[in-house]
Ligand SMILES: NC(=O)c1ccc[n+]([C@@H]2O[C@H](COP(=O)([O-])OP(=O)(O)OC[C@H]3O[C@@H](n4cnc5c(N)ncnc54)[C@H](O)[C@@H]3O)[C@@H](O)[C@H]2O)c1
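In the numbering used here, the protein residues as written are 4 to 355.
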């Protein structure tokens with residue numbers, strides 16, 4: 004498989020997005036988020052998305068020059084309208100505004116309507132944690148989702164991810180997960196590789212269990228199951244609440260038929276630690292808690308207790324050292340898009 008550095012992937016993103024009409028600063032922000040997602044191992048939210056984003060710009064749904072509008076704000080809260088600009092740009096601005104508000108009054112609640120795909124939520128949670136906040140971020144899909152309700156067959160929900168992040172020393176504990184059994188991007192990666200997926204993630208258009216990712220993209224289409232398998236009512240319940248907080252309260256809406264997949268509502272909640280507890284006391288409890296969790300007898304086959312976000316930290320170190328593999332088919336599609344746009348990708352010397 005071809006292997007690249009994070010700098011090459013960032014440059015690839017910048018080059019394609021600018022060739023598609025994105026202003027340089029916005030292209031830089033999106034390219035950085037995509038490259039960082041690849042670096043921590045979430046290839047489903049990395050440069051693979053460039054093909055989709057360029058197509059959405061071409062179709063006029065993603066508006067790369069649209070400006071973020073503050074609809075309402077007050078001490079500790081704001082409602083923003085992203086006007087379907089690139090989602091990573093809107094999310095970065097929402098985070099900056101939220102951090103300013105949390106520094107001023109201790110907490111911040113930021114809702115973003117009409118947002119596009121923000122990428123890997125964990126990135127924003129980690130950034131907030133590094134700046135002294137506990138963070139919660141969730142995203143809904145007001146338009147067509149890909150997930151069936153618990154007990155249902157048809158698509159009615161998005162994968163509605165949620166991230167919760169907390170500082171730990173110089174780093175962070177970062178839970179970042181879909182409320183569905185799998186992220187759609189992971190199906191897309193398996194589909195592009197021509198590989199089957201695990202059991203319990205997908206049903207076909209008749210509601211039968213499937214391990215073939217093509218069933219998701221077929222017509223009539225299948226659906227992703229809610230998180231939790233036989234306990235899927237819990238994942239479903241979380242997804243419903245995320246639709247209400249992120250979709251209804253932000254003004255993005257729910258159950259909309261006029262939007263393509265990728266339209267989002269966002270809810271960002273920040274709590275500045277020092278307003279609640281001296282940081283030294285927080286750090287003391289965190290150290291004690293982590294040691295308490297890790298010092299546990301292990302089940303057969305388990306080498307170590309890992310905290311949320313630890314896999315990503317390790318993958319980052321590995322890929323910084325060894326490079327980032329990109330599947331042939333993903334690369335082929337990106338290069339085809341680059342050539343169509345006339346984007347210069349001569350800096351991509353394929354190593355693998
Ligand atoms: N922007 C969007 O609309 C959107 C939609 C869906 C998903 N996503 C992103 O997709 C990505 C993938 O989501 P996912 O649910 O497939 O993630 P995942 O299942 O890979 O990981 C979920 C969480 O579990 C933790 N984890 C993984 N293995 C672990 C282990 N062995 N022990 C302890 N903790 C472990 C991870 O650190 C992570 O916090 C996320 O970054 C999410 O933000 C984004």
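Glycine is no exception: its CB is placed at the ideal position from the N, C-alpha and C atoms.
In this text, all values refer to a predicted model and were calculated from it rather than measured experimentally.
Cβ neighbours of residue 166 within its own chain (closer than 8 Å, five residues either side excluded): 124, 125, 127, 128, 138, 139, 140, 141, 177, 178, 179 and 180.
Closest in C-alpha terms to residue 313, from the list 34, 8 and 44, comes 44.
For residue 120, there is no enclosing alpha helix (DSSP H), since its DSSP letter is neither H nor E. With a minimum length of 4 residues, the unbroken runs of alpha helix (DSSP H) contained wholly in the segment 28–115 fall at 52–61 and 90–108. DSSP, read as helix, strand or coil, puts residue 231 in coil. When secondary structure is reduced to three states using DSSP, residue 224 falls in the coil class, being assigned neither helix nor strand. For residue 120, the CB contacts under 6 Å within the same chain, skipping 5 residues up- and downstream, are 90 and 265 in chain order.
For residue 105, the CB contacts under 6 Å within the same chain, skipping 5 residues up- and downstream, are 111, 136, 273 and 275 in chain order. Taken from the Cβ of residue 196, every heavy atom of ligand 1 lies 7 Å or farther away. Taken from the Cβ of residue 200, every heavy atom of ligand 1 lies 7 Å or farther away. Taking every protein chain shown into account, the CB of residue 297 has fewer than 16 other CB atoms within 10 angstroms, so this residue is exposed.
When only Cα atoms are considered, residue 303 and residue 65 end up about 48 Å apart. With a cutoff of 8 Å on beta-carbon distance, residue 158 and residue 147 are scored as near each other. Where residue 165 is concerned, the enclosing beta strand (DSSP E) starts and stops at 165–171. Excluding the 5 residues flanking it on each side, residue 262 has same chain C-beta neighbours closer than 7 Å at 145 and 146, in chain order. Contact between residue 182 and residue 230 holds, since their C-beta atoms are separated by about 5 Å, short of 8 Å. Between residue 32 and residue 92 the beta-carbon gap is near 5 Å, inside 8 Å, which marks them as a contact. Remark: the C-beta of residue 32 is outside contact range of ligand 1, defined as less than 7 Å to any heavy atom. Using a Cβ distance threshold of 8 Å, residue 6 and residue 337 do not count as a contacting pair.
Contact annotation, residue 71 with residue 83: C-beta distance approximately 6 Å; criterion of less than 8 Å satisfied.
By the C-beta density criterion, residue 48 is buried, having at least 16 other C-beta atoms within 10 angstroms. Around the CB of residue 325, fewer than 16 other CB atoms lie within 10 Å, so the residue is classed as exposed. If you draw a straight line from the Cα of residue 255 to the Cα of residue 236, it is about 25 Å long. In the three-state scheme derived from DSSP, where H, G and I count as helix and E and B as strand, residue 346 is classed as coil.
Per DSSP, the unbroken beta strand (DSSP E) holding residue 268 starts and ends at 267–275. The Cβ atoms of residue 27 and residue 67 lie no closer than 8 Å to each other. Its chain contains 149 and 162 as the residues whose beta carbon lies nearer than 6 Å to that of residue 187, once the 5 sequence neighbours on both sides are disregarded; these appear in chain order. With a cutoff of 7 Å, residue 145 does not count as near ligand 1, since its C-beta is closer than that to no heavy atom of the ligand. DSSP places residue 9 in the uninterrupted alpha helix (DSSP H) bounded by 9–22.
Selection 241, 238, 154 and 143 evaluated against residue 209 yields 154 as nearest (Cα-Cα). Within the DSSP secondary-structure output, residue 327 pairs in a beta bridge with 7.
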